[in-house]
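**Student:** To convert, note that position 104 of the sequence shown is 108 in the numbering used here; the numbers rise steadily by one, no gaps.
For each residue, glycine too, the CB sits at the ideal point set by N, CA and C.
My questions will all concern the structure given below.
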Amino acid sequence: MTMQTSAQIQGVAAGVPFVALPPADASAAAPLVVTWHLMDAPRSEAAMAAALPMAGLRAWRVYFGLPMSGARMPEGGFDEFFRLASADYVLNVAEPVTAQAADEFPAALTELRSQLSLAEGPVGVAGGSAGATIALEVLARSEVSIDAAALVSPVTQLAPAVAANERRFGVTYEWSERSRAVAGNYDFVRRCGELDANVLLVVGEHDDIAFREPAAALHEVLGERSRLVTVPGMEHALAEEPGLDAAPQTPHAAVVDAEFTAWFARHLRA
Numbered sequence: 005m006t007m008q009t010s011a012q013i014q015g016v017a018a019g020v021p022f023v024a025l026p027p028a029d030a031s032a033a034a035p036l037v038v039t040w041h042l043m044d045a046p047r048s049e050a051a052m053a054a055a056l057p058m059a060g061l062r063a064w065r066v067y068f069g070l071p072m073s074g075a076r077m078p079e080g081g082f083d084e085f086f087r088l089a090s091a092d093y094v095l096n097v098a099e100p101v102t103a104q105a106a107d108e109f110p111a112a113l114t115e116l117r118s119q120l121s122l123a124e125g126p127v128g129v130a131g132g133s134a135g136a137t138i139a140l141e142v143l144a145r146s147e148v149s150i151d152a153a154a155l156v157s158p159v160t161q162l163a164p165a166v167a168a169n170e171r172r173f174g175v176t177y178e179w180s181e182r183s184r185a186v187a188g189n190y191d192f193v194r195r196c197g198e199l200d201a202n203v204l205l206v207v208g209e210h211d212d213i214a215f216r217e218p219a220a221a222l223h224e225v226l227g228e229r230s231r232l233v234t235v236p237g238m239e240h241a242l243a244e245e246p247g248l249d250a251a252p253q254t255p256h257a258a259v260v261d262a263e264f265t266a267w268f269a270r271h272l273r274a
């Protein structure tokens, strides 16, 4: 099911809500970039499409909604989401969101190609923060051939991100054997050998060290297959709060948008 508003297409593919932005010539074969949004602003597919439209890229740009967000928010809305996160962020939020999004990706991609009549071609993945973890997991699973990835404010290692939440919200996370195993699984510095694509990492100068240092570590182990960009003055979010609806692009998001556009233009070929 799809609905088109001007150049933007909204729909659902295999149960996953999406916003799609077609290339200038939608009739020609073109690469595809699939992006997952942040849990911070922008925290919806529509808001992410407005923040990082990559308008200069000759490719389809599709923005998937995360599980437990937007139309798929748990019953009880934000209150229930924050209750679950407060009870156990790793086991109640990080693990199910990442696993479900990665599980549903191949079927959603297949249905998306059918709905939008997309030719087979190169695929890139992108994401911000928790959405970057999903992009990395999709890349590591290799169920779909991925040619390039671009990540902003990325969670490349889950354990430091949990520590950042502790500092941000003034709480202490009680680790368990199971949650440590989950964090170990979502440590892509350790799993760098599974990342068979060129990877762009963009971090904010004023973001928490829990995001900047793991991104730098991933860049170091990936070597020439990666690029690390630090955006002066940028913090973690890419949009103004509340970050649910499409909003004017911020200056920092414009910088990230330009980096993503150039990266995919270089590494995705029709």
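If you drop the 5 nearest sequence neighbours on each side, which residues of the same chain put their C-beta closer than 8 Å to that of Val-233?
**Tutor:** For the purposes of this step, residue 233 is taken as the residue at position 229 of the sequence shown. Cβ within range, chain order: Leu-204, Leu-205, Val-206, Val-207 and Glu-263.
**Student:** Give the secondary structure of Arg-270 by DSSP, where H, G and I count as helix, E and B as strand, and everything else as coil.
**Tutor:** Residue 270 sits at position 266 when you count from the first residue of the sequence shown. Three-state DSSP puts Arg-270 in a helix.
**Student:** Looking at the unbroken alpha helix (DSSP H) that takes in Gln-104, where does it start and where does it end?
**Tutor:** Working through the sequence shown from its first residue, we reach residue 104 at position 100. Looking at the DSSP string, the run of the alpha helix (DSSP H) that includes Gln-104 is 99 to 120.
**Student:** For Thr-39, does the three-state DSSP call read helix, strand or coil?
**Tutor:** Here residue 39 refers to the residue found at position 35 when the sequence shown is read from its first residue. Thr-39 falls in the strand class under three-state DSSP.
**Student:** Whole angstroms is fine: what's the gap from Ala-50's alpha carbon to Gly-197's?
**Tutor:** Along the sequence shown, one-based indexing puts residue 50 at 46. Along the sequence shown, one-based indexing puts residue 197 at 193. Each residue's Cα considered, the two are about 33 Å apart.
**Student:** Which stretch, first to last residue, makes up the alpha helix (DSSP H) that contains Gly-135?
**Tutor:** Position 131 of the sequence shown, counted from the first residue, corresponds to residue 135. From DSSP, the alpha helix (DSSP H) with Gly-135 extends over 134 to 145.
**Student:** Gln-64 bridges to which residues according to DSSP?
**Tutor:** The sequence position of residue 64 within the sequence shown is 60, counting from 1. In the sequence as presented, Gln is not what sits at residue 64; that position holds Trp. Beta-bridge pairing links Trp-64 to Leu-36.
**Student:** Using the C-alpha atoms, what's the distance from Ala-103 back to Val-186?
**Tutor:** Translated into the one-based positions of the sequence shown, residue 186 becomes position 182. Translated into the one-based positions of the sequence shown, residue 103 becomes position 99. Those two C-alpha atoms are separated by around 11 Å.
**Student:** Taking only three categories from DSSP, how would you classify Asp-29?
**Tutor:** In the sequence shown, the residue the question calls residue 29 occupies position 25. In the structure shown, Asp-29 sits in coil (DSSP, three-state: anything other than H, G, I, E or B).
**Student:** Can you find at least 3 beta carbon pairs, one from the segment 215 to 230 and one from the segment 158 to 167, that sit closer than 8 Å?
**Tutor:** Enough Cβ pairs lie closer than 8 Å, so yes.
**Student:** If I follow the unbroken beta strand (DSSP E) through Arg-231, where does it start and stop?
**Tutor:** For the purposes of this step, residue 231 is identified with residue 227 of the sequence shown, where counting begins at 1. Run containing Arg-231: 230 to 235, per the beta strand (DSSP E) assignment.
**Student:** When burial is assigned at 16 or more other CB atoms within 10 Å of the CB, is Trp-64 buried or exposed?
**Tutor:** Stepping through the sequence shown from its first residue, residue 64 is reached at position 60. Buried, since its Cβ has 16 or more Cβ neighbours within 10 Å.
**Student:** Which whole-angstrom value describes the C-beta separation of Thr-39 and Gly-131, a residue pair presumed to lie in contact below a C-beta threshold of 8 Å?
**Tutor:** Residue mapping note: residue 39 aligns to position 35 of the sequence shown, counting from 1. Residue mapping note: residue 131 aligns to position 127 of the sequence shown, counting from 1. Between Gly-131 and Thr-39 the Cβ distance is about 6 Å, and since that is below 8 Å, they are a contact.
**Student:** Please specify which runs of the alpha helix (DSSP H), each continuous and at least 4 residues long, are wholly inside the segment 191 to 229, giving them in chain order.
**Tutor:** Whole alpha helix (DSSP H) segments, 4+ residues: 213 to 226.
**Student:** Which residues does DSSP list as the beta-bridge partners of Ala-152?
**Tutor:** Here residue 152 refers to the residue found at position 148 of the sequence shown. Paired residues: Gly-128 and Asn-202.
**Student:** Around the Cβ of Asp-83, are there at least 16 other Cβ atoms within 10 angstroms (buried) or fewer (exposed)?
**Tutor:** Counted from its first residue, the sequence shown places residue 83 at position 79. Classification of Asp-83: exposed, given that the 10 Å Cβ count is below 16.
**Student:** Please confirm whether Ala-55 and Ala-243 have their CB atoms less than 8 Å apart.
**Tutor:** Position 51 of the sequence shown, counted from the start, is the residue given in the question as residue 55. Position 239 of the sequence shown, counted from the start, is the residue given in the question as residue 243. Cβ distance < 8 Å, so Ala-55 and Ala-243 count as in contact.
**Student:** Between the segment 105 to 119 and the segment 20 to 38, do at least 3 Cβ pairs fall closer than 8 Å?
**Tutor:** In short, these stretches touch, since the Cβ pair count reaches three.
**Student:** Can the beta-carbon of Met-77 be found less than 8 Å from the beta-carbon of Tyr-67?
**Tutor:** As a first step, residue 77 is located in the sequence shown; it is residue number 73 there, counting from the start. As a first step, residue 67 is located in the sequence shown; it is residue number 63 there, counting from the start. Their beta carbons are not under 8 Å apart, which means Met-77 does not touch Tyr-67 by this criterion.
**Student:** According to DSSP, which residues form a beta bridge with Phe-173?
**Tutor:** Here residue 173 refers to the residue found at position 169 when the sequence shown is read from its first residue. Answer is none; Phe-173 lacks a bridge partner.
**Student:** Using the rule of at least 16 other Cβ atoms within 10 Å of the residue's Cβ for burial, across every protein chain shown, is Glu-99 buried or exposed?
**Tutor:** By 1-based counting over the sequence shown, the position of residue 99 is 95. Glu-99 should be labelled buried.
**Student:** Taking Asp-83 as part of the alpha helix (DSSP H), name the residues at either end of that continuous run.
**Tutor:** Within the sequence shown, residue 83 is the residue found at index 79, counting from 1. Unbroken alpha helix (DSSP H) run through Asp-83: 81 to 93.
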